[in-house]
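Numbering (my numbering), first residue to last: 7 to 89.
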């Protein structure tokens, strides 16, 4: 239950704070790119950092699906009574 509550808090509140910080990081990186060249590896790493928020809706949906399945399994196990 704690994990479920935490994910709900992340989805409704924390994700927006993280996106704001991501935007600020993007601005800083843009500034740095005017003065330095990045290697292909650095570019890939930075690209992955900026793409994480696009994957988050799928992560939240997967979490909801897992919670639903586990809840259903738990309820089914409660219905089965030993005789």
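Where a beta carbon is used, it is the ideal one built from N, C-alpha and C, also for glycine.
If you draw a straight line from the alpha carbon of residue i to that of residue j, how long is it in whole angstroms?
i, j, result
"residue 77", "residue 10", "11 Å"
"residue 40", "residue 51", "18 Å"
"residue 21", "residue 73", "20 Å"
"residue 37", "residue 31", "10 Å"
"residue 79", "residue 87", "14 Å"
"residue 43", "residue 17", "35 Å"
Can you tell me where the alpha helix (DSSP H) with residue i in it begins and where it stops?
i, result
"residue 66", "46-85"
"residue 24", "21-39"
"residue 14", "8-15"
Using a C-beta cutoff of 8 Å, does residue i count as contacting chain C?
i, result
"residue 30", "The chain inventory of the structure shown lacks chain C, comprising one protein chain alone."
Out of the options, state which residue places its alpha-carbon closest to the alpha-carbon of residue i.
i, options, result
"residue 12", "34, 42 and 66", "66"
Practice problem: Could you tell me whether the segment 21-31 touches the segment 57-73, using the rule of 3 or more Cβ pairs below 8 Å? | Solution: The segment 21-31 is in contact with the segment 57-73.
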